[in-house]
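Undergrad: Numbering (UniProt numbering), first residue to last: 1 to 334.
We treat Cβ as the ideally placed atom computed from N, Cα and C, and that holds for glycine.
Note that the structure is predicted; figures quoted are calculated from it, not measured.
My questions all concern the structure below.
The following block contains the structure:
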């Protein structure tokens, strides 16, 4: 049979496999994406078999298009999921300097149902899929490729797309920013946010800082939710609700308070919270320690280390502080 068309945008090649089974369904949750890419209408399973019987256990390999084969893997892990890596060919984009992409695929294994109950069903999906719900157009790229225009993937609000690593020598982390939507009068933009590890499941606060080259730019507080769906990870970008952000800092003292993420470089800008003011807070670098240095000035004199994910009270110079829950918001009250 001709190789099946895959959600990767190309053909998948499989050597020596066994399987069969049914798909269908197309169920979606409130986030607006299907349970699995292979459950989209029109995607049909195909059957493959081993060329020979090997009592020690047959294995298969996979390739994307005409590119190199992956390492062999077994099809006997029923009821489990796994991750497979397949490398691509050198990029034709001059800005990528012949970089080789790395395709990360999710594998799920299960037994068929009904007349397919004696068949093993192996589902292959892109490991990472991004969904933009920020209300803005965003660009996402692999870390250290911010200066390479050909590496930027653009997502309009509400758009969903798979994500793969364009350079297998760069860190497997992604960064995002807001850009004006092409064909509109929108001018809002931000700078690149801190790197994201897409394999970390959960929800975290990400700050997209103001674009220093734009006088009208302002920072944007974004929540990034990483969900698991079988063998796939979905990353959902949303603009935080200003009334109920993930984190908030409230200064009830009579003097300004300076706050900066622990481990920040010397030139990292923190946040000054004036007396009687409360502000939302998001992490500049969500992969690093999610702790704050709270003090009277940006030099860090008499600064106290605060873990925002741990409730409790502590002392600052001349005042008290507390991390407490206010609905879904974790608030630092000084």
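Let me know the secondary structure DSSP gives residue 180 once reduced to three states.
TA: The answer is coil: DSSP assigns residue 180 none of H, G, I, E or B.
Undergrad: In the structure shown, what three-state DSSP assignment does residue 94 receive?
TA: Here residue 94 sits in helix by DSSP.
Undergrad: Quick one: what does DSSP say residue 232 is sitting in, helix, strand or coil?
TA: DSSP places residue 232 in strand when its eight states are reduced to three.
Undergrad: DSSP state of residue 196, grouped into three classes?
TA: Note: residue 196 maps to strand in three-state DSSP.
Undergrad: By the three-class DSSP mapping on this structure, what secondary structure does residue 115 have?
TA: Correct three-state label for residue 115: helix.
Undergrad: Name the residue from 92, 75, 97, 102 whose alpha carbon lies nearest to the alpha carbon of residue 85.
TA: Measuring from the Cα of residue 85, the nearest candidate turns out to be 102.
Undergrad: Does the region 160–180 come close enough to the region 86–99 that 3 or more CB-CB pairs lie under 8 Å?
TA: Contact between the region 86–99 and the region 160–180 is present, because at least three Cβ pairs lie under 8 Å.
Undergrad: Thinking just about the alpha-carbon of each residue, which of 117, 66, 204 is nearest to the one in residue 309?
TA: The residue with the shortest Cα to Cα distance from residue 309 is 204.
Undergrad: Classify residue 106 as helix, strand or coil using the three-state DSSP reduction.
TA: Residue state, collapsed to three classes: strand.
Undergrad: What is the residue span of the beta strand (DSSP E) that residue 273 lies within?
TA: Segment 271–273, the beta strand (DSSP E) holding residue 273.
Undergrad: To the nearest angstrom, report how far apart residue 135 and residue 239 are at their CA atoms.
TA: Using only the alpha carbons, I get a separation of about 7 Å.
Undergrad: So, with DSSP's three-state summary, where would you put residue 151?
TA: Residue state, collapsed to three classes: helix.
Undergrad: So what's residue 22 in DSSP terms, helix, strand or just coil?
TA: Here residue 22 scores only 35 on pLDDT, less than 50, and its place in the model should not be relied on; the value that follows carries that caveat. Residue state, collapsed to three classes: coil.
Undergrad: By how many angstroms is the C-alpha of residue 176 removed from the C-alpha of residue 211?
TA: Going by the C-alpha atoms only, they are around 13 Å apart.
Undergrad: Could you tell me if residue 256 is buried or exposed, where buried requires 16 or more neighbouring beta carbons within 10 angstroms of its beta carbon?
TA: Looking at its Cβ environment, which holds fewer than 16 other Cβ atoms inside 10 Å, residue 256 is exposed.
Undergrad: Please return the same chain residues whose Cβ sits closer than 6 Å to the Cβ of residue 186, not counting the five positions on each side in sequence.
TA: Hits under 6 Å: 180.
Undergrad: Check whether the region 142–149 and the region 265–284 are in contact - that is, three or more C-beta pairs closer than 8 Å.
TA: Too few Cβ pairs lie closer than 8 Å, so no.
Undergrad: Does at least one heavy atom of the ligand NAD sit under 7 Å from the Cβ of residue 149?
TA: Although the ligand NAD was asked about, the structure shown includes no ligands whatsoever.
Undergrad: Three-state secondary structure (DSSP) at residue 30?
TA: Residue confidence for residue 30 is low, a pLDDT of 42 falling below 50, so the modelled location carries little weight; the figure read from the coordinates is stated next. In the structure shown, residue 30 sits in coil (DSSP, three-state: anything other than H, G, I, E or B).
Undergrad: May I ask you to report which of helix, strand or coil DSSP gives residue 81?
TA: In the structure shown, residue 81 sits in a strand (DSSP, three-state: E or B).
Undergrad: Kindly indicate which three-state DSSP category residue 166 falls into: helix, strand or coil?
TA: Reduced to three states, the DSSP call for residue 166 is coil.
Undergrad: If you draw a straight line from the alpha carbon of residue 160 to that of residue 320, how long is it in whole angstroms?
TA: In a straight line, the C-alpha of residue 160 is about 45 Å away from that of residue 320.
Undergrad: What does the alpha-carbon distance come out to for the pair residue 68 and residue 296?
TA: The alpha-carbon atoms of residue 68 and residue 296 are separated by roughly 57 Å.
Undergrad: Please report the residue range of the beta strand (DSSP E) in which residue 320 lies.
TA: 319–326 is the extent of the beta strand (DSSP E) around residue 320.
Undergrad: What residue from 93, 120, 76, 73 has the CA that sits closest to residue 47's CA?
TA: Checked all of 93, 120, 76, 73; the closest Cα to residue 47 is 120.
Undergrad: Buried or exposed, going by whether 16 or more other CB atoms sit within 10 Å of the CB of residue 359?
TA: This structure does not reach residue 359, given that the chain is present from 1 up to 334, and the question cannot be answered.
Undergrad: Given this structure, state the Cα-to-Cα distance separating residue 288 from residue 195, to the nearest angstrom.
TA: For residue 288 and residue 195, the distance between alpha carbons rounds to 9 Å.
Undergrad: Helix, strand or coil for residue 202? Go by DSSP, reduced to three states.
TA: Looking at residue 202 - three-state DSSP - the assignment turns out to be strand.
Undergrad: For residue 67, does the three-state DSSP call read helix, strand or coil?
TA: Looking at residue 67 - three-state DSSP - the assignment turns out to be coil, as it is neither helix nor strand.
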